[in-house]
Amino acid sequence: MADLEGMKGNEKKDYGIGIPVKKEAYFLKGLDHYDWGIKDRMSRIFNAETGRTVMLAFDHGYLMGPTSGLERLDLAIPPLIPYADSLMCTRGALRSTVPPTANKPVCLRYSSGTTVLTELNDECILDIEEAVRMNASAIAIMVSVGGTYEAKTVENLVRTADYGYKYSIPVLGVTAVGKEMVRDARYLSTASRVCAENGATFVKTYYCDDFVKVVNSCPVPIVIAGGKKLPEKEALELCYHAINDGAAGVDMGRNVFQSDCPVAMIQAVRGIVHQNLTVDRAYQMYKDLSVQAK
Ligand code: 5RP
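Residues in the sequence shown are numbered consecutively from -10, following the working numbering.
Spelled out as structure tokens, the structure:
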């Protein structure tokens, strides 16, 4: 007030009006122009310091039944929750197994249909109100590019993105790879790009040779699935290479919950994703923590 009172005649004072203020870019690739709710939810799933995430996937039962390591959800999952940045699961597993007090962001499995007993990927989608009720930070939808149910699963993604953006819930496009598909950079780039262009906020796919090409041709963040169980050191190598090639994290299931020591394994994966540990150091960490866990 004193300054204003002190102004005389047409004396000009600079209040910063009209001077463009440089806005800090959002930390995740391709999401700068998204709205506040999407960014807020993505910032729960991804660590803003590292720009990465360790998602724990245990949605396998919806199509595999009680798969190895997940026979007892109530015993397998709770010890792992503290070490995950986010939980990816079905609504059934969430209500029955995850205490709401865990306070972890959830990526809710949003599509479901056929199981391993018939042909996979003939899926429908849930109701968006269920995702809101479950306080989902993201919703995950299977997309089968090149598969028998390609059109149906792409339509599922399109509808999911329409609903997701209505409520600012990010959409994870999950690239389903049928037995007939070759998991190479050409195929996975196509599948990931189809997900992104049809509205996925982020994409989950598999690691492959030339993975940099998959990352570079996808305009939004990519997280990798672990795939079938590997020896622990090889699974850590997979994480290491994926992160070094530009993956924004992992959404890993079997290589964690089927490990000889799941609690040690998820911490070693965290070491690679968030602390840039080498494979040897992460593997040593796994071995040390395994001994302590006994
Ligand atoms: C299945 C999924 C799984 O969540 C995904 O495959 C991750 O688990 P894993 O690391 O065991 O491959 O999306 O449709």
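Here a beta-carbon is modelled for each residue, glycine too, at the ideal position from N, C-alpha and C.
Note that the coordinates shown come from a computational prediction; the quantities given were computed from them, not determined experimentally.
Quiz item: With a CB to CB cut of under 6 Å and the five nearest residues on each side skipped, what residues in its chain are close to L(-7)?
Solution: The predicted model places L(-7) with a pLDDT of 46, which falls under 50 and marks its position as unreliable; any figure quoted below should be read in that light. There are no such residues.
Quiz item: For the segment 83 to 137, which segments carrying the alpha helix (DSSP H) assignment without a break, of at least 4 residues, lie completely within its bounds, in sequence order?
Solution: For the segment 83 to 137, whole alpha helix (DSSP H) runs of length 4 or above, ordered along the chain, are 117 to 122.
Quiz item: How should A(-9) be labelled, buried or exposed, when 16 other C-beta atoms within 10 angstroms of its C-beta is the threshold for buried?
Solution: Note that A(-9) has pLDDT 44, beneath the 50 cutoff, so the model's placement of it is unreliable and the number below is only indicative. So A(-9) ends up on the exposed side.
Quiz item: Going by beta carbon distance, what residues of the same chain come within less than 7 Å of R148, once the five residues before and after it are set aside?
Solution: I114, listed in sequence order.
Self-check item: D234, enclosing beta strand (DSSP E) - first and last residue
Solution: It is not in any beta strand (DSSP E) - D234 carries neither H nor E in the DSSP assignment.
Quiz item: In chain order, what residues place their C-beta within less than 5 Å of a heavy atom belonging to ligand 1?
Solution: With the cut-off at 5 Å, the residues found are A46, D48, V163, A214, G215, G216, M241, G242 and R243.
Quiz item: Does the distance from the CB of R243 to the CB of G215 come in under 8 Å?
Solution: Their beta carbons are under 8 Å apart, which means R243 touches G215 by this criterion.
Exercise. Could you tell me which residues DSSP pairs with K193 in its beta bridges?
Key: V163 and V212.
Quiz item: Between the C-alpha atoms of G(-5) and V10, what's the straight-line distance to the nearest angstrom?
Solution: Confidence in G(-5) is poor, its pLDDT being 49 and thus under 50, which makes the residue's placement too unreliable to answer from.
Practice problem: Report the option in D199, G235, Y176 and A271 whose CA atom is closest to the CA atom of I222. | Solution: The displayed chain sequence assigns Lys, not Ile, to residue 222. Answer by Cα proximity: A271.
Self-check item: CA-to-CA distance, D199 to V258, given in whole angstroms
Solution: The straight-line gap from Cα to Cα measures roughly 22 Å.
Quiz prompt | Assigned exposure category for I8 - 16 Cβ within 10 Å defines buried | solution = Taking all protein chains in view, the Cβ of I8 is surrounded by fewer than 16 other Cβ atoms within 10 Å, so the residue is classified as exposed.
Exercise. Mind checking which residues open and close the beta strand (DSSP E) that includes M44?
Key: Note, M44: beta strand (DSSP E), T42 to A46.
Quiz item: Can you list, in chain order, the residues of its chain whose CB lies under 7 Å from that of E108, leaving out five sequence neighbours each side?
Solution: For E108, where only same-chain residues beyond five positions count, the Cβ hits under 7 Å are T137.
Self-check item: Closest by C-alpha distance to P220, when choosing among V239, F246 and V183
Solution: The candidate whose alpha carbon is nearest that of P220 is F246.
Practice problem: Return helix, strand or coil for L76, following the three-state DSSP convention. | Solution: Here L76 sits in strand by DSSP.
Quiz item: Any idea what DSSP makes of D240, helix, strand or coil?
Solution: The answer is strand: DSSP assigns D240 an E or B state.
Self-check item: Candidates D24, R30 and E38: closest to F16 by CA position
Solution: Measuring from the Cα of F16, the nearest candidate turns out to be E38.
Quiz item: Which same chain residues, not among the five before or five after M123, have their C-beta less than 7 Å away from its C-beta?
Solution: Answer for M123: R80, L83, V95 and L97, listed in chain order.
Exercise. Determine the burial state of R41: buried for a count of at least 16 other Cβ atoms within 10 Å of its Cβ, exposed for fewer.
Key: R41 is classed as buried because its beta carbon has at least 16 other beta carbons within 10 Å across all chains shown.
Quiz item: Taking the alpha-carbon positions, what's the G162 to K193 distance?
Solution: Between G162 and K193, the C-alpha separation is close to 6 Å.
Practice problem: Could you check if L76 is buried or exposed, using at least 16 other CB atoms within 10 Å of its CB as the buried criterion? | Solution: Around the beta carbon of L76, a 10 Å sphere encloses 16 or more other beta carbons of the protein chains shown; the residue is thus reported as buried.
Quiz item: Going by DSSP, which residues form a beta bridge with N36?
Solution: According to DSSP, N36 bridges with R41.
Quiz item: Between the segment 29 to 37 and the segment 225 to 235, do three or more beta carbon pairs fall short of 8 Å?
Solution: Using a C-beta cut-off of 8 Å, the segment 29 to 37 makes no contact with the segment 225 to 235, since fewer than three inter-stretch Cβ pairs fall below that distance.
Quiz item: For the candidate residues V201, T190 and A189, whose alpha-carbon lies nearest to that of R175?
Solution: Nearest C-alpha to R175: V201.
Quiz item: How many angstroms separate the CA atom of T267 from the CA atom of L52?
Solution: Their backbone Cα atoms lie some 34 Å apart in a straight line.
Quiz item: Grouping DSSP H, G and I as helix and E and B as strand, with all else coil, what is Q273?
Solution: If DSSP states are grouped into helix, strand and coil, Q273 belongs with the helices.
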